[in-house]
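Our numbering applies: residue 52 is where the sequence shown begins, and numbers increase by one.
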Amino acid sequence: YSAGYTINNLYYPVMVDVLTDHGDKYNMRYFRGTYTPVALLAPLVLLAYYGTRERLILPKSRITKMSFANSMRAVAGNKIFWIKCADGWNDFLEGAKGNVWDWMVYRAHIMKSTTYGLLNTVSHNASFWAMLLSPWFIKRFGKKNIKIFKNTLQIFLIASIFLFYKNKFAAIGLFIVTTIDRFIDCGNVIDSAIESDMRDNQQYLIGERIDGAFGFVSSYMGSVIGAVTGLFIPYVYKKKGFDGSDYSVLDVYKNYNENLPLSQQTKNPDCVLFSLMDTLLVISVIGAAIDVLPWFAYDITETGQKGMIRVVRIRTIIEDRTLKHSDDASYIEGSEAIISARKFYGLEKLPKPTKDALIAARALPTATKEQKNIRQDAIKAAKQEFEDVREYNENVEIAEFVMHELLRFKNDFGQKQLEVSKLIASGGLNGFFNYAEEAITLATDLPITDIREERTWRKQEIRNARALIKSKKLSAKHYPNGIVEFDPQTYDDAFDMPDETKEQAKLRRAAMRAANKEKNLYAAVTAPYLSALRTIELSEGYDNLDELISDYDDIIGKRNERHEKEHAEIMRIAQEREIDRQRKISEKKMGKK
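As structure tokens, this is what we get:
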């Protein structure tokens, strides 16, 4: 993924010396000679995505279709989404410093462009190390603390540029600051992980994936905001005397001669570079300070995220096991989430171990090999104690989270939520919409609690009850003779149709479109009914967890047996290849004799 950045950061500056005179890269010869080859090779970056697979925990039996309006409401209520957007939309301020190093090289000539290319490549590789270390940082400190630390440190990094960028330390100073800035950024991993948290949190709250809605809002709203904020920095340029086209006003030296030292160059009296950069750096400092603020509202911990995933796994196997659509991997994960929650629920957290054992282990003698081994084992044991306590306490915290979900229908809110669902379901497939008024009354009477999930579910139940009115109209329009339940096998049959010939492929596509249209129509008409059934199934599943996980040991045994057979087959093939290799070596030796 990052190889392209590494190549470009070396390639472009080096080509300045190759294709231009006096380091002036703003000409068509440079653009044609550098950007054209890169544009032709750009499709190679697609290699980064082959083999990358996004894993979603979704019930295979689910027939659902969220309306556009409901998706937009869900996005509007997702706090993590707005925190992430606020951080991104503010980049126009913090990014004002973006051209500082580039301009100092090509306009103030603090170093050769080839040197700049080498240093910039090394600097950009700091992001590579950050990407490798990001999982450890996330586990050790949490994404929220990393983002707050990163944005706070960037305030001081940007401000420090004022100390050196006008003197002889400009080159080394900009290199060090930019390298640290790129190392602490590590957004490729952490920002992606935050986006996953956002989507998983939404699925946990409303039971549906609405990934496309997030992209829609961020793209279109971001485009509008970007169109406005994108005018700000050019406005600053113009105010400071640079119109964006006449780059001569940024030249520190007039008629720069690369063969003369800087002390013998003629200063440009019309230069506005340093005045402009002073303003841009102030703007960047303000932007970095503003960037810190939204992250204090980020409230998903690493343990909380794991708890949400386990809850989603349990919900999935309940829904799929009811309709016999579960696969072994999903069933094992869901069952283990239940078993772990029961095991650790109600236990007290262990106190964090002191560092005395680790300090004592590191102080052990290392004079002989045996002593070194003893010291190494002692250090490992001390560190393992820390890890064991951390893992134990994490499981206790996750168990509390999961059991809150498993017991959700035992409290007053859960009982009343179940009452709404049972009322809707009692009408059956062709009569559920006849209880609209009663359902709306029951839904609006749901208690408003301090629990975030229950507040979200209350809003859902109210929308669900009101949707019954729409369902009645759609039913009369599209199913005048009664609603016909959609059979998922219809889509599977269409998918399995042959497509060897052009005519067969055309028929297959038409069948798949027809099946998809039928499924979407059924999901839109019966959405409140299907939602009510899922709530009832969830309640029944939570009441019969022992029955749900009764096949766990059997499936684990079959899985292990299958893995052993696969391993044995792999070893057999490897042995045959080794025998064949030895045979060829022997034949080759015999042939030489």
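Just so you know, even glycine gets a beta-carbon here, dropped at the ideal spot from N, CA and C.
Please look up how many angstroms separate the CB atoms of residue i and residue j, rounded, as I've assumed it's under 8 Å.
| i | j | result |
| --- | --- | --- |
| I365 | G397 | About 18 Å; that fails the 8 Å criterion. |
| F669 | G224 | A question about residue 669 goes unanswered here, because the residues of the chain that appear run from 52 up to 644. |
| L313 | H160 | 7 Å |
| A339 | I206 | 5 Å |
| S391 | N446 | 6 Å |
| R260 | L107 | 7 Å |
| W180 | T280 | In fact, because the Cβ distance is near 31 Å, the residues do not count as touching under 8 Å. |
| P110 | D371 | 5 Å |
| I491 | R509 | With 8 Å as the limit, I491 and R509 do not qualify as a contact, their Cβ atoms being about 13 Å apart. |
Per the DSSP calculation, residue i is bridged to which residue(s)?
| i | result |
| --- | --- |
| K305 | T317 |
Is residue i buried or exposed, if buried means 16 or more other CB atoms sit within 10 Å of its CB?
| i | result |
| --- | --- |
| V453 | buried |
| Q356 | buried |
| L91 | exposed |
| I630 | exposed |
| P579 | buried |
| Q555 | exposed |
| L98 | exposed |
| Q254 | buried |
| A380 | exposed |
| N252 | buried |
| L493 | buried |
| L497 | buried |
| D428 | exposed |
| C198 | Before going on, a small fix: residue 198 reads as Lys here, not Cys. Label assigned to K198: buried. |
| M622 | exposed |
| I369 | buried |
| N218 | exposed |
| D550 | exposed |
| W154 | buried |
| N129 | buried |
| S646 | This structure does not reach residue 646, given that the chain is present from 52 up to 644, and the question cannot be answered. |
| R540 | Going by the sequence as given, residue 540 is Gln instead of Arg. Burial call: exposed. |
| P285 | exposed |
| F132 | buried |
| A565 | exposed |
| S274 | exposed |
| P416 | exposed |
| R634 | exposed |
| P585 | A small fix is needed here, since residue 585 is Arg in this sequence, not Pro. R585 comes out buried. |
| S296 | exposed |
| G263 | exposed |
Quick one: does the C-beta of residue i sit closer than 7 Å to a heavy atom of the ligand HEM?
| i | result |
| --- | --- |
| E246 | This structure does not include the ligand HEM; it has no bound ligands of any sort. |
For residue i, name the three-state secondary structure that DSSP assigns.
| i | result |
| --- | --- |
| V323 | coil |
| L70 | helix |
| A392 | helix |
| A414 | coil |
| H160 | coil |
| E645 | In the structure as shown, the chain begins at 52 and stops at 644. Residue 645 is therefore absent and cannot be evaluated. |
| M79 | helix |
| F207 | helix |
| Y216 | coil |
| G295 | coil |
| G277 | helix |
| E536 | coil |
| E615 | helix |
| G478 | coil |
| T230 | helix |
| N202 | helix |
| P30 | In the structure as shown, the chain starts at 52 and stops at 644, and residue 30 therefore has no counterpart that could be examined. |
| T172 | helix |
Counting only beta-carbon separations shorter than 8 Å, does residue i have a partner in chain B?
| i | result |
| --- | --- |
| K318 | The structure shown contains no chain B; it is built from a single protein chain. |
Take every Cβ of the segment 268 to 280, pair it with every Cβ of the segment 234 to 253, and state whether three or more of those distances are shorter than 8 Å. no
Evaluate contact between the segment 569 to 584 and the segment 335 to 351, counting only Cβ atoms and requiring at least three cross-stretch pairs below 8 Å. no
For the 8 Å Cβ check, are there 3 or more pairs between the segment 466 to 475 and the segment 610 to 623? no
At least 3 beta-carbon pairs within less than 8 Å: the segment 141 to 148 vs the segment 328 to 340: yes
Would you call the segment 432 to 443 and the segment 394 to 412 touching, i.e. three or more CB-CB distances under 8 Å? yes
Meets three-Cβ-pair contact criterion under 8 Å: the segment 544 to 562 and the segment 520 to 528: no
Would you check if there are 3 or more beta carbon pairs closer than 8 Å linking the segment 279 to 292 to the segment 311 to 331? yes
Measuring CB atoms only, is the segment 526 to 543 touching the segment 478 to 488, in the sense that at least three cross pairs come out at less than 8 Å? yes
Just checking, does the segment 582 to 597 make contact with the segment 119 to 126 on the three C-beta pairs under 8 Å criterion? no
Pairs of beta-carbons, one from the segment 59 to 72 and one from the segment 163 to 180, closer than 8 Å: are there three or more? yes
The segment 58 to 66 in contact with the segment 78 to 95 per 3-pair CB rule at 8 Å: yes
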